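Data block below; observations after.
Residue numbers (this note's numbering): -11 to 246.
Here's what the structure looks like:
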């Protein structure tokens, strides 16, 4: 059953963004089984789970009772589940302790009030698992260093500091997730060893940060990347990356509760 609440207009910016860029999201953002396994392990023995900022339902365990919360109708329409609520993170429409666990995957930085949203996760569940990116991590994706420094600057200002997330949740564990070279979930660092993927506008549209930049910024940068790939300049600069299986770009799974 899908429930819509008009009480959560504070998250309108997030909803509007994904109503615009969310079309076709599931084609590029395909859950990777290695990250799915890490998240499933973090949920432990939880039978009931609320997925806040659920998007199209990535990483929701199939063997649990999952309720999806998402403010964007476009994203909810792509979500295959039957328990779906259109709402924001800051005022979850559930009783205290309603769920065994709460999960949130690459979404906290979109919340208008992350501290309030994280407090809500703690209120409605006994265990929390939050997958996010540490904006203070300094192994940066080459795409940002060499072609689109605007993205690095935007992400560092937009993402909630890891210390804020851990303190708000009173987290007991922070697990690193180095990104595999063949990672299937097309978020912004997924294609670090497959640079030609960034030439595809459909791939770029599936990244909220890339999609938010004007074409006047993105297109010249992508043209430089295309030329560097054609000439072999990129391959010469990054020969070391072509030998690596994974790279730690600052993605973290934060665990809290019991």
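Yeah, the Cβ is synthetic: ideal placement off N, Cα and C, and Gly gets one too.
Quick caveat, the model's predicted, so the values are computed rather than measured.
- Going by beta carbons, residue 17 and residue 199 fall outside the 8 Å limit.
- In terms of Cβ geometry, residue 213 and residue 187 form a close pair [threshold 8 Å].
- In this structure, the CA atom of residue 120 is about 15 Å from the CA atom of residue 43.
- With 16 or more other CB atoms across the displayed protein chains lying within 10 angstroms of its CB, residue 57 is buried.
- Following the DSSP letters along the chain, one finds residue 50 in no beta strand (DSSP E), marked with neither H nor E.
- When the five nearest sequence neighbours on each side are left out, the beta carbons in the same chain lying within less than 7 Å of the beta carbon of residue 54 are those of 37, 39, 48, 69, 71, in order along the chain.
- Residue 220 counts as exposed, since fewer than 16 other beta carbons sit within 10 angstroms of its beta carbon.
- When the five nearest sequence neighbours on each side are left out, the beta carbons in the same chain lying within less than 8 Å of the beta carbon of residue 168 are those of 20, 22, 233, 234, in order along the chain.
- Inclusion of residue 88 and residue 114 in the CB contact set at 8 Å is warranted, their separation being smaller than that value.
- Here residue 122 is buried. Its C-beta has 16 or more other C-beta atoms within 10 Å.
- A straight line joining the alpha-carbon of residue 208 with that of residue 138 spans about 13 Å.
- When beta bridges are read from the DSSP output, residue 121 appears opposite 239.
- Secondary structure note for residue 88: its beta strand (DSSP E) is the uninterrupted segment 87 to 93.
- Beta-bridge analysis with DSSP links residue 163 to 241.
- Runs of the alpha helix (DSSP H) spanning 4 or more residues and lying entirely within the segment 148 to 230 occur at 150 to 157, 189 to 193, 196 to 200, 203 to 219, 221 to 225, in chain order.
- Counting only residues of its own chain and dropping the five nearest sequence neighbours on each side, residue 183 has a CB closer than 7 Å to the CB of 213, 217, 222.
- The alpha-carbon separation between residue 92 and residue 117 amounts to approximately 7 Å.
- Beta-bridge pairing by DSSP links residue 36 to 53.
- Here residue 133 is exposed, its C-beta having fewer than 16 other C-beta atoms within 10 Å.
- Check the Cα spacing between residue 243 and each of 129, 154, 231, 86: the tightest is with 154.
- Checking the DSSP bridge columns, you'll see residue 234 partnered with 168.
- Secondary structure of residue 22 (DSSP, three-state): helix.
- About 6 Å separates the CB atoms of residue 165 and residue 26; that is less than 8 Å, so the two are in contact.
- The DSSP-derived three-state label of residue 126 is coil.
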